[in-house]
Amino acid sequence: MVELARKLALPERRLPASPVLVVLLGSCVFLVIGCLQSTIFAQQTVAGLAQGAVYGSLALALVLIYRATEVINFAQGEMAMASVYIAYQLIQWGFSYWEAFAVTLAVAFVLGIAIQVAVIRPVQHKSVIAVVIVTVGLFILIDGLVNWKWGGAIRFMPAPFGGRVYHAGGVAFARQDLGTLVVTIASVMLLWALFQFTKLGLGMRAAALRPAAASLVGVRVNRMLAVGWGLAAVLGAVAGLMAEPSQFVLQPTLMQPILLYAFAAAVLGGLESPAGAVVGGLALGIFLNLIGQYVHFVTSELRLPFAFAVLLAVLLVKPTGLFGHGKVRKV
Amino acid sequence: MTALLELEDVHARYGPVRALHGVSLTVGEGEIVALLGANGAGKTTTLRAISGTVRRDGTIRFAGRALDGGADGAARRGIAHVPEGRGTFAEMTVWENLRLGAYTRRGALKDDFARVRSYFPWLEDRRGQQAGTLSGGEQQMLALARAFMQRPRLVLLDEPSLGLAPLLVTEIFRIVKELNEREGMTALVVEQNAHIALQAASSAYVLEVGRVALSGPSEELQAHESVRRSYLGY
Amino acid sequence: MRARVPAVASAAAVAVVLALLPFGMSGYHQALGAKVATFFIAILGLDILTGYTGQISIGHGAFMAIGGYTTAVLSRDHHTNLVLTMLVAFAVCFVCGLLVGLPALRLSGVYLALATFALAVSVPQIPLKFSTYLGGSGGVQSSRTVSHLWLYGVSWAAAAILFVLAWLILRGRTGRAFRAIRDSEVAAVSSGVKLPVYKTLAFGISAAFAGVAGSLYVLGTNGFAQPSEFGIILSLQILIGAAVAGLGSLWGVLVGAVFVGLLPEISSSVPLIGSAHGQDVVFGLLVILVMVVLPTGVAGLFQRLRRLRAPT
Chain A
1 MVELARKLAL
11 PERRLPASPV
21 LVVLLGSCVF
31 LVIGCLQSTI
41 FAQQTVAGLA
51 QGAVYGSLAL
61 ALVLIYRATE
71 VINFAQGEMA
81 MASVYIAYQL
91 IQWGFSYWEA
101 FAVTLAVAFV
111 LGIAIQVAVI
121 RPVQHKSVIA
131 VVIVTVGLFI
141 LIDGLVNWKW
151 GGAIRFMPAP
161 FGGRVYHAGG
171 VAFARQDLGT
181 LVVTIASVML
191 LWALFQFTKL
201 GLGMRAAALR
211 PAAASLVGVR
221 VNRMLAVGWG
231 LAAVLGAVAG
241 LMAEPSQFVL
251 QPTLMQPILL
261 YAFAAAVLGG
271 LESPAGAVVG
281 GLALGIFLNL
291 IGQYVHFVTS
301 ELRLPFAFAV
311 LLAVLLVKPT
321 GLFGHGKVRK
331 V
Chain B
1001 MTALLELEDV
1011 HARYGPVRAL
1021 HGVSLTVGEG
1031 EIVALLGANG
1041 AGKTTTLRAI
1051 SGTVRRDGTI
1061 RFAGRALDGG
1071 ADGAARRGIA
1081 HVPEGRGTFA
1091 EMTVWENLRL
1101 GAYTRRGALK
1111 DDFARVRSYF
1121 PWLEDRRGQQ
1131 AGTLSGGEQQ
1141 MLALARAFMQ
1151 RPRLVLLDEP
1161 SLGLAPLLVT
1171 EIFRIVKELN
1181 EREGMTALVV
1191 EQNAHIALQA
1201 ASSAYVLEVG
1211 RVALSGPSEE
1221 LQAHESVRRS
1231 YLGY
Chain C
2001 MRARVPAVAS
2011 AAAVAVVLAL
2021 LPFGMSGYHQ
2031 ALGAKVATFF
2041 IAILGLDILT
2051 GYTGQISIGH
2061 GAFMAIGGYT
2071 TAVLSRDHHT
2081 NLVLTMLVAF
2091 AVCFVCGLLV
2101 GLPALRLSGV
2111 YLALATFALA
2121 VSVPQIPLKF
2131 STYLGGSGGV
2141 QSSRTVSHLW
2151 LYGVSWAAAA
2161 ILFVLAWLIL
2171 RGRTGRAFRA
2181 IRDSEVAAVS
2191 SGVKLPVYKT
2201 LAFGISAAFA
2211 GVAGSLYVLG
2221 TNGFAQPSEF
2231 GIILSLQILI
2241 GAAVAGLGSL
2251 WGVLVGAVFV
2261 GLLPEISSSV
2271 PLIGSAHGQD
2281 VVFGLLVILV
2291 MVVLPTGVAG
2301 LFQRLRRLRA
2311 PT
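Chains as they are written, first to last, in our numbering: chain A, 1 to 331; chain B, 1001 to 1234; chain C, 2001 to 2312.
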């Protein structure tokens, strides 16, 4: 593992601490065994993975912005939702689903940058509370705009992967779930590659970690922040577009519960860790599905509070999350 | 000798506190110039004024043109500022730090990496090591290497000897001199260790309370009565 | 303090205006006035916690829910006097605040914000699970409903009492301890301030205020307490109100309460805007604008004006 890290020029410290690795590996083993034993278990796991991939994408968007600016973007979900409506509109105008998908991602990127420049930049140096309130204001604004333009009535979008169900070994796998997994994992990997191997990614990481030192080597920190917001918006759009099919209809409240799950996933994985956000999302998705299936106390209304119980537990036991390193300082 | 860097009557302040009260100095192309003075004299602030990381008034000209704007602008004009604390990206690897050094460069970097390796051969083995886990001396050398990757016209070094054992300090300055002689790297070095700074530099300025108190060729200053007493200890 | 005389005078002036106001207003406007008072109390509570000890909470909707349900349940089951239920709500939420404040000692900054956010999301769901006693999604109805004028009077009376209470707490030793904690916990500890005591106390007081606000909120919706009333939006509204008011000062709280309580209503009646959604657009825009122009809130503006008038 260490050798691999060295080859990829990843600092060894980036791997999570050993007890956490043990727990994660143990859980994977447990899941595999469970899937082999029971078809219901396997189905819930795969469905949970797909849902978790959506949570993880949005959580990754949150973590990207948090790492760069110490701000939680409360509007991330609504930005994602608005992107889905844009895709809807494009499809109404005659684009095919995947054409609309691509254009929507581009539009989301631009809008993310625009929001950072127009609304966040004026406040970002003033106080963290002010920036958080601005994101709350954005939440309300975007929600209002979408409702205003398209109304609260439900709409229908074509399903990107169709409704086919595959059967393997007695387990039913929805093509939609598999497609969701592929798309979200692909976008996360692309993003990772961007950060790891390109100059832009290097600059963005430097700007997030040490803005003063980054300026000194010539990184335009403000520009990097704007690009960061653009990329986060793209991730959110992917999450939204993949979330919509599982809810069958499009309505303005699409992303609100998902934002909350994304918060839980981000905290679970560690607010400072992009890898943690993704792993946290997947873990949360699987965990919630399995708990919902096997623990009868946890009915569907309790799903969200249960996720938040997880969040609270993480905050009380290890606030920096599974993959986090820093110590939350105590006096 | 052409002047690469010219400061004319530069004032600087941190909020309401004035740190520089009209500093003027010149660094010629290909020179090593030392900036000496006690703690709080304004040496670091001078470097910050040049790289644009502190508010300032007055004129600063770099290669004949006025220098305005922020830190990233200075880097793009060819100024490498190695600040107090070395500006190392501790969470990133040695390799990534070097790549960041070359951020303003375009084109292939193979030659530059080869050159850096020739001056700092030990860096090759440590490519994947997290920069924060390097020793103080190694981090200082990494900082120099990073600055060199930028192929700057001017390097600003803030207290390179800070916290280092004498042998390492000698080594660092030897490398600075070598880079200056072989690669033509101009340097403005802030130092509290006046002895070694005056040996490496061709000329020096002594700052006191935000003003230039003395200046001249190193030999002159080394012989100067007050410099000897205050900064050289004999 | 020289500032005290004009401050007391302006507070008295405001009190007089508020007392006279309802007699010229329709029932609908009186209810609005009561709503502003409700927000006033909740924002006051949040200010004590976040503005004075620096502990961020996005969970005050949860305490409001507890207070509101206390009132509704007591009234439904025991026909308790409504004002008495408010006192009970105060006490119950004080204890709840202490209980939350204890584990909160281990968290700070964004982690605390997220933990309180979790509370705000989860607590309103509790009645859904324990629906037999707490009414489920159908809610709990108190045995009495009140007139708009009664509500206005009681709300503002409570607001005035709690404002004075806050002022008394904050100007004394407790207030100094709070401010010391906000500015530097390390320095506070080294000056002998017992962090756990004061931080938990701040949570308790803050929650108690929110509890009373919750009671009034429920009374304002015809005595009907239901989970959908206490969503996360409520906590966010209180936070916005506190930010607009300016954290760390009592004098902007009224402006914050007006901003959050009145603005949405007013903007929906402006013809260009029209629907409820237009009102959201306007409100969102205004929140952003206010934060960009006044990041330290109205209180910050007051401070700047005071400094301009008395340059040293």
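We put the CB at the ideal spot given by N, CA and C, even for glycine.
A contact between stretches requires three or more CB pairs, one per stretch, nearer than 8 Å, and the segment 1038-1057 of chain B meets this requirement with the segment 1202-1221 of chain B. Taking 9 Å as the upper bound on Cβ-Cβ separation, chain B lies near no residue of the segment 55-67 of chain A. With contacts defined by Cβ atoms closer than 8 Å, Ser1051 of chain B and Ala1071 of chain B form a contacting pair. Classified as exposed, Ile2266 of chain C has fewer than 16 neighbouring CB atoms from the shown chains inside 10 Å of its CB. Between Phe74 of chain A and Val146 of chain A, the C-beta gap is not smaller than 8 Å, which leaves the two residues out of contact. Below the 8 Å Cβ cutoff, chain A contributes Val119, Val134, Gly137, Leu138, Leu141 as neighbours of Ile2288 of chain C, in chain order.
Assigned with DSSP and collapsed to three states, Val71 of chain A falls in coil, not helix or strand.
Comparing C-alpha distances from Gly236 of chain A to each of A:Ser246, A:Thr45, A:Val54, A:Val32 shows the shortest one belongs to A:Val54. Just measuring C-alpha positions, the residue of B:Thr1133, B:Ala1012, B:Leu1036 sitting nearest Arg1228 of chain B is B:Leu1036. The beta carbon of Arg1013 of chain B sits closer than 7 Å to those of Ala1019, Arg1055, all from its chain and outside the five residues before and after it, given in chain order. Residue-level contact by beta carbon fails for Gly1107 of chain B and chain A, as no gap is shorter than 8 Å. DSSP places Asp1112 of chain B inside the alpha helix (DSSP H), whose first and last residues are 1110-1119. Distances from the CA of Gly201 of chain A to each of B:Gly1233, B:Leu1100, B:Ala1143 were compared; the closest alpha carbon is that of B:Leu1100. Within the model, the alpha-carbon separation for Gln37 of chain A versus Leu1144 of chain B is close to 59 Å. Chain A places no beta carbon closer than 8 Å to that of Val2100 of chain C, leaving this residue out of the contacts. In the same chain as Ala159 of chain A, and ignoring 5 residues on each side of it, the C-beta atoms closer than 6 Å to its own belong to Pro245, in chain order. Per DSSP, Glu1029 of chain B lies in no beta strand (DSSP E) and is assigned neither H nor E.
In the three-state reduction of the DSSP assignment, Leu1232 of chain B falls in the helix class.
Partner residues in a beta bridge of Val2244 of chain C, as assigned by DSSP, do not exist.
Per DSSP, the continuous beta strand (DSSP E) segment holding Glu1191 of chain B begins and ends at 1186-1191. DSSP lists B:Glu1008 as the beta-bridge partner residues of Thr1059 of chain B.
Phe173 of chain A is bridged by DSSP to A:Tyr166. Chain-ordered listing is empty here: chain A has no CB closer than 8 Å to the CB of Gln2226 of chain C, the nearest sitting near 14 Å. Annotation: Arg220 of chain A to Gln2303 of chain C spans about 35 Å, alpha carbon to alpha carbon.
A residue is called buried once 16 or more other Cβ atoms fall within 10 Å of its Cβ, and Leu322 of chain A is buried on that count. Taking a Cβ-Cβ threshold of 8 Å, the residues of chain A close to Gly2278 of chain C are Gly144, Trp148, in chain order. Boundaries of the beta strand (DSSP E) around Arg1211 of chain B: 1211-1217. In this structure, DSSP gives Asp1072 of chain B a helical state, which the three-state scheme calls helix. Setting aside the 5 residues that flank it on each side, Gly2024 of chain C has no residue in the same chain whose C-beta is closer than 6 Å to its C-beta. Along the segment 104-130 of chain A, going in chain order, the ones with a CB nearer than 9 Å to a CB of chain C are Val119, Pro122, Val123, Lys126, Ser127, Val128, Ile129, Ala130. The C-beta of Leu2107 of chain C has 16 or more other C-beta atoms within 10 Å across all chains shown, which makes the residue buried. In the three-state reduction of the DSSP assignment, Thr253 of chain A falls in the coil class, being assigned neither a helical nor a strand state. Taking a Cβ-Cβ cut-off of 7 Å, Glu1191 of chain B has no neighbours in chain A, whose nearest Cβ is about 19 Å from it. Assigned with DSSP and collapsed to three states, Arg1106 of chain B falls in coil, not helix or strand.
Below the 7 Å Cβ cutoff, chain A contributes Ala206, Leu209, Arg210, Ala213 as neighbours of Phe1089 of chain B, in chain order.
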